[in-house]
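Numbering (my numbering), first residue to last: 335 to 633.
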Ligand SMILES: NC(=O)c1ccc[n+]([C@@H]2O[C@H](COP(=O)([O-])OP(=O)(O)OC[C@H]3O[C@@H](n4cnc5c(N)ncnc54)[C@H](OP(=O)(O)O)[C@@H]3O)[C@@H](O)[C@H]2O)c1
């Protein structure tokens, strides 16, 4: 069988690292991971906002699959940086999809549950997006570009992610543990918006499975959802983390008001039945997954 070639953008990021590891562990895939500020001997430096660099890497590698995970994903940063967001979340997506189409590569665009307004969960793949903030809007535009450039392409929406981090503040779930483990200070945790924390490792496996299916079945296209199935607020996650390490929870206070900063959906739970029907997907329990991630950060 011809070697399968996957190009992974954002391979230095929280999700991209897990996706890179997952494909690299499967000898049937030839993998090229891209990074920007965190390039290394394993990850090639490519500025995705430069169309000629995108053209060069796609033409040279000639992938069969492109997993597009690079993005600016912090809603409060996106809110203040219109031009930079346009370049990485929207224009870079267009260049990548255009170049991928020229070499016949299938693009899977990693998107977010923030394309929904969170008022009527659960959301199926056919539900109409209505993003509440500029981050959600930019990702929705990226989705449309991906599917308009080729109707064969795919979009995978995922909710709040956690995974192996370079430092606790790298991800909004592990960030909570900075406060949880400091039992000398009271901390206030959001107990309003409902979330479905999802392990990067589970998403990575799901992406690899879907990519394998796509290479065997050209009807694999359009929108897919993957998500953990435990409904939790950030307060619930913080308490779960404390319990794992037998820490007290009396210093953790629940905040019942909507989170500050840009508006976030109340409950954008994703219906995952389309992927489940394909036999794709993997879910680890939150306590088990987060215990593994936090093992090096024990107090
Ligand atoms: N994290 C979440 O909770 C979450 C939830 C839902 C959806 N998502 C989506 O999942 C995807 C992955 O998110 P993540 O959390 O892994 O993001 P992340 O950790 O912030 O990583 C972002 C990645 O984008 C790369 N990048 C940024 N600007 C670039 C440029 N100009 N050229 C090339 N690469 C560039 C970064 O490279 P360097 O670091 O090397 O510069 C990094 O690898 C995103 O599409 C995001 O919207 C994430």
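In this text, a Cβ means the ideal position worked out from N, Cα and C, and glycines have one as well.
These figures come from a predicted structure and were not determined experimentally.
Under 7 angstroms between C-beta atoms of residue i and residue j
i           : j           : result
residue 562 : residue 528 : no
residue 427 : residue 406 : no
residue 364 : residue 337 : yes
residue 531 : residue 450 : no
residue 609 : residue 558 : yes
residue 422 : residue 353 : no
residue 473 : residue 445 : yes
residue 410 : residue 595 : yes
residue 388 : residue 430 : yes
residue 587 : residue 507 : no
residue 380 : residue 391 : yes
residue 481 : residue 397 : no
DSSP state of residue i mapped onto helix, strand, coil
i           : result
residue 423 : helix
residue 448 : helix
residue 404 : coil
residue 624 : helix
residue 587 : strand
residue 441 : strand
residue 343 : strand
residue 466 : coil
residue 457 : strand
residue 436 : helix
residue 338 : strand
In DSSP terms, what residue i is bridged to
i           : result
residue 578 : Note: residue 578 sits in no beta bridge, so no partner.
residue 601 : 528
residue 558 : 490
residue 495 : 532
residue 632 : DSSP lists no partner for residue 632.
Spatially closest choice to residue i from the options, by CA coordinates
i           : options            : result
residue 483 : 600, 534, 424, 452 : 424
residue 369 : 539, 403, 356      : 403
residue 443 : 355, 583, 537      : 537
residue 555 : 472, 439, 487, 353 : 487
residue 378 : 603, 367, 387      : 367
residue 514 : 542, 393, 570      : 570
residue 357 : 399, 393, 606      : 399
residue 524 : 534, 454, 572      : 572
residue 552 : 485, 585, 627      : 485
residue 615 : 592, 546, 581, 624 : 546
residue 501 : 453, 627, 612, 439 : 627
residue 489 : 600, 564, 541      : 541
residue 503 : 581, 408, 463      : 408
Any non-hydrogen atom of ligand 2 within 6 angstroms of residue i CB
i           : result
residue 349 : You won't find ligand 2 in this model; what it holds is ligand 1.
Could you give the uninterrupted runs of the alpha helix (DSSP H) lying entirely in the segment 507-549, keeping only those of 4 residues or more?
If we require 4 residues or more, the alpha helix (DSSP H) runs fully inside the segment 507-549 come out as 509-514.
Ranges of the beta strand (DSSP E) found wholly within the segment 357-399, counting only runs of at least 3:
Qualifying beta strand (DSSP E) stretches, in chain order: 363-369, 377-379.
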